[in-house]
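K.L.:
Encoded as structure tokens, here's the structure I'll be asking about.
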Amino acid sequence: SYLGSTDRIADFIARADCIVLPSYYREGVPRSLLEAAAMGKPIITTDRPGCRDAVTDGVTGFLCAPRDPHDLADKMEKMIQLKPEERIRMGKRGREKMENEFDEKIVLGAYMNVIKAVVRDPRKGNAP
Numbered sequence: 001s002y003l004g005s006t007d008r009i010a011d012f013i014a015r016a017d018c019i020v021l022p023s024y025y026r027e028g029v030p031r032s033l034l035e036a037a038a039m040g041k042p043i044i045t046t047d048r049p050g051c052r053d054a055v056t057d058g059v060t061g062f063l064c065a066p067r068d069p070h071d072l073a074d075k076m077e078k079m080i081q082l083k084p085e086e087r088i089r090m091g092k093r094g095r096e097k098m099e100n101e102f103d104e105k106i107v108l109g110a111y112m113n114v115i116k117a118v119v120r121d122p123r124k125g126n127a128p
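Take the sequence shown: its letter number 92 is residue 92 in our numbering, and every next letter is one higher.
The structure is reproduced here in structure tokens:
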């Protein structure tokens with residue numbers, strides 16, 4: 001059932017065994033996936049740009065084919081069939097991925113490198 005809106009997202013994520021976010025749009029990296037992984041939860045999401053950046057398939061969660069409810073159901077069943085310690089291990093690997101790839105210092109450093117490159121050569125700022 002629909003639980004309504006809340007500012008206490010962490011409470012709901014903490015109670016979950018897994019976070020599932022199928023997305024069919026090009027939306028960047030969904031914050032909800034970053035938050036879930038940072039909290040050590042395994043993830044099932046769509047194999048699309050942005051979503052796939054937050055998950056290493058078979059390591060930190062599972063990727064499903066876009067607009068394929070059967071594949072999504074298969075990945076959910078696969079997650080359910082994992083032993084609890086395997087899901088916990090996936091979640092821990094997801095947390096490590098967040099620390100190693102999405103830490104604020106890493107992301108801001110990457111932005112600064114792009115900005116510096118554009119300042120040095122403004123042509124680098126043009127999108128293909």
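Glycine included, every Cβ here is placed at the ideal spot set by N, Cα and C.
1) Do LYS41 and ILE9 come within 8 Å of each other at the CB atom, strictly closer than that value?
2) Looking at the unbroken alpha helix (DSSP H) that takes in VAL107, where does it start and where does it end?
3) Assign LEU3 to buried or exposed, taking buried as 16 or more other Cβ atoms, counted over all protein chains shown, within 10 Å of its Cβ.
4) How far does the alpha helix (DSSP H) with LEU33 in it extend, from its first residue to its last?
5) Helix or strand or just coil, what does DSSP make of CYS64?
6) Label VAL118 either buried or exposed according to how many other C-beta atoms from any shown protein chain fall within 10 Å of its C-beta, with 16 as the threshold for buried.
7) I need the boundaries of the beta strand (DSSP E) containing LEU3, first residue and last residue.
8) Please determine, among MET39, THR46 and ARG67, the residue with the shortest C-alpha to C-alpha distance to MET90.
9) Identify the continuous alpha helix (DSSP H) that holds LEU72 and give its terminal residues.
10) For the segment 16-32 and the segment 49-67, state whether three or more C-beta atom pairs, one from each stretch, are separated by less than 8 Å.
P.N.:
Looking at the atomic coordinates:
1) no
2) 104-120
3) exposed
4) Counting along the chain, LEU33 sits inside the alpha helix (DSSP H) bounded by residues 31-38.
5) strand
6) VAL118 comes out exposed.
7) Per DSSP, LEU3 belongs to no beta strand (DSSP E) and is neither H nor E.
8) MET39
9) Residues 69-81.
10) yes
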